[in-house]
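Asks: Take a look at the following structure, please.
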Amino acid sequence: MQQIEGLGLHEIITETPWTPGRTSFTGVLMRDLLADAGAQGDVISAVALNDYSVDIPISDFDRYNVIMATKMNGEYLTIRNRGPLWVIYPYSDVRSLRNELFYTRSIWQLRSIEIR
């Protein structure tokens with residue numbers, strides 16, 4: 239976590255279909271994470287601990303302030319509450335994100351990402 243958080247933390251306060259009311263999420267911007275890794279590609283393939291997988295266009299990270307959250311309401315995410323890593327979009331800030339397409343991209347219990 240220290241290595242990820244060392245890239246700089248960003249907070250999103252948003253409503254989600256999975257949390258009650260407005261919730262604070264803290265983590266690193268996905269675009270900063272990919273830049274730090276020197277990643278080049280068009281899509282990330284993300285896989286969760288339960289083997290759920292989703293492809294996310296890297297253009298989402300340039301267009302929106304998507305974060306890889308490590309904390310929810312100031313507490314580190316655990317496997318029990320969808321952690322340790324959860325991709326979060328700013329749903330409350332960008333109305334067009336409030337649909338099934340973007341909800342499916344908010345992968346939680348993130349295990350790995352591959353850049354393609």
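Numbers 239 to 354, taken from this note's numbering, label the letters of the sequence shown in order.
Don't be surprised by glycine CBs; every beta carbon is placed ideally from N, CA and C.
Take residue 248 and list the residues in its own chain whose beta-carbon comes closer than 6 Å to its own, dropping the five residues that flank it on each side.
Replies: Correct list, in chain order: 267, 305.
Asks: Using a beta-carbon distance below 8 Å, is residue 336 in contact with chain C?
Replies: This model lacks chain C altogether; it includes just one protein chain.
Asks: Pull up the distance between the alpha-carbon of residue 335 and that of residue 297, whole angstroms please.
Replies: Those two C-alpha atoms are separated by around 14 Å.
Asks: Starting from residue 310, follow its DSSP beta bridges and name the residues at the other end.
Replies: DSSP output for residue 310 lists 263, 313 as bridge partner(s).
Asks: What's the call for residue 252, buried or exposed, on a 16-neighbour Cβ count within 10 Å?
Replies: Under this definition residue 252 is a buried residue.
Asks: Name the DSSP bridge partner or partners of residue 348?
Replies: According to DSSP, residue 348 bridges with 286.
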